[in-house]
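Participant: Below you will find the structure I want to go over with you.
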Ligand code: C2E
Ligand code: CA
Ligand code: CA
Ligand code: CA
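In UniProt numbering, the protein residues as written are 278 to 549.
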């Protein structure tokens, strides 16, 4: 028997207890970790085929805690979305990424930085003002920032106008939007139709069987062709092998990301 949020939860299995304990520990420690800058951001390169350059670095959050060990984003982000701290994480990651962009601007021919954002963050926050504020504080050009949005959270019809409006204003300022995890959700087509997106990132689930399954191959080629016909720039993530890269290139992909190009690394390694 265990007290959770004031209520009594009875007869949970031992493993459920462990999950709950870990969740509530993450919940309790996250605010302090944020306050003490204990979260880290690592950056994964994206390679643009036409220019033969690393064109974008994607910011990915990391948390190493003495007691909790490694807290992965897939574990951390849903908890932060539930307790409201996602906005703090978002602001922290974006500030770090913008600072890196400014540093890279002088050295490496202005690659962009991209930051993962859930559309839900736009629904009841002054998201646009927060982002423009961070860009101003860090002196980062809006044209160097890309936002990767996922369709994990569908938005309500009444929020739609506000979300689209904020995104359009950011786009007018020079910020670009990437539709992340393309091909995994139900909302892709709706997002493509209504949101000001200029790039799509085909999800890594398709990379596993790309070389072995003719159907996967057809599907990926179809997604590339379709996106291009919509005027969108196409990226494949989770590319681990040369053979995958070669095939995607013949299919007309614009850019690739994955361990074949480079794993995520801390900012210090990029600036050196
Ligand atoms: P994502 O945006 O789809 O990011 C790609 C994930 O695949 C990353 O995992 C990355 O480390 C991993 N990856 C990169 N290359 C390869 C590869 O070649 N093979 C394989 N198997 N995996 C690869 P990570 O860092 O654990 O992030 C997981 C997810 O958490 C991200 O998926 C993203 O949706 C979310 N996330 C990460 N950082 C943030 C953040 O700061 N804010 C928000 N809102 N979400 C974040
Ligand atoms: Ca992403
Ligand atoms: Ca993905
Ligand atoms: Ca994702």
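Ideal Cβ placement from N, Cα and C applies to all residues, glycine included.
1. Does ligand 1 have a heavy atom nearer than 7 Å to the CB of residue 393?
2. Going by C-alpha to C-alpha distance, which of 400, 472 and 371 sits closest to residue 439?
3. Would you identify the three-state DSSP class for residue 537, choosing helix, strand or coil?
4. Taking its Cβ as the centre, do 16 or more other Cβ atoms sit within 10 Å of residue 308, making it buried, or is it exposed?
5. When we look at the beta-carbon of residue 278 and count the other beta-carbons within 10 Å, is it buried (16 or more) or exposed?
6. From what residue to what residue does the alpha helix (DSSP H) around residue 483 run?
7. Can you tell me whether residue 545 is buried or exposed, with buried defined as 16 or more other CB within 10 angstroms of its CB?
8. Counting C-beta neighbours from all protein chains within 10 Å, is the total for residue 393 16 or more, i.e. buried, or is it exposed?
9. Return helix, strand or coil for residue 327, following the three-state DSSP convention.
10. Tell me which residue opens and which closes the alpha helix (DSSP H) that residue 526 is part of.
11. Taking 8 Å as the cut-off, decide whether the C-beta atoms of residue 321 and residue 311 are in contact.
12. Tell me residue 334's beta-bridge partners as DSSP assigns them.
13. Using C-beta distances below 8 Å, list every residue in its chain close to residue 386, excluding the 5 sequence neighbours before and after it, in chain order.
14. Short check: CB of residue 478 to CB of residue 457, under 8 Å?
Facilitator: Quick answer:
1. Numbered from 1 along the chain shown, position 116 holds the residue referred to as residue 393. Checking every heavy atom of ligand 1 against the Cβ of residue 393, one is found closer than 7 Å.
2. What you label residue 439 is simply residue 162 of the chain shown in a count that begins at 1. Here the closest residue by C-alpha is 400.
3. For the purposes of this step, residue 537 is identified with residue 260 of the chain shown, where counting begins at 1. Three-state DSSP puts residue 537 in coil, outside helix and strand.
4. On the chain shown, position 31 is the one that residue 308 refers to. It is exposed - the Cβ of residue 308 has fewer than 16 other Cβ atoms within 10 Å.
5. Walking along the chain shown from the start, residue 278 turns up at place 1. Below a pLDDT of 50, predicted positions are generally treated as unreliable, and residue 278, at 41, falls in that range; no measurement from the model is reported.
6. Numbered from 1 along the chain shown, position 206 holds the residue referred to as residue 483. That run of the alpha helix (DSSP H) goes 482-485.
7. Walking along the chain shown from the start, residue 545 turns up at place 268. In the assembly as shown, residue 545 is an exposed residue. Its beta-carbon has fewer than 16 other beta-carbons within 10 Å.
8. Here residue 393 corresponds to residue number 116 of the chain shown, with the count starting at 1. The residue in question, residue 393, is buried, as its Cβ has 16 or more Cβ neighbours within 10 Å.
9. Here residue 327 is taken as the residue at index 50 of the chain shown, counted from 1. In this structure, residue 327 counts as coil in the three-state DSSP scheme.
10. Working through the chain shown from its first residue, we reach residue 526 at position 249. Segment 519-527, the alpha helix (DSSP H) holding residue 526.
11. For the purposes of this step, residue 321 is identified with residue 44 of the chain shown, where counting begins at 1. For the purposes of this step, residue 311 is identified with residue 34 of the chain shown, where counting begins at 1. No, Cβ-Cβ distance for residue 321 and residue 311 is not below 8 Å.
12. Translated into the one-based positions of the chain shown, residue 334 becomes position 57. In DSSP, residue 334 forms a bridge with 322 and 390.
13. For this step, residue 386 is matched to residue 109 along the chain shown. For residue 386, where only same-chain residues beyond five positions count, the Cβ hits under 8 Å are 330.
14. Here residue 478 refers to the residue found at position 201 of the chain shown. Here residue 457 refers to the residue found at position 180 of the chain shown. In this structure, residue 457 lies closer than 8 Å to residue 478 by Cβ.
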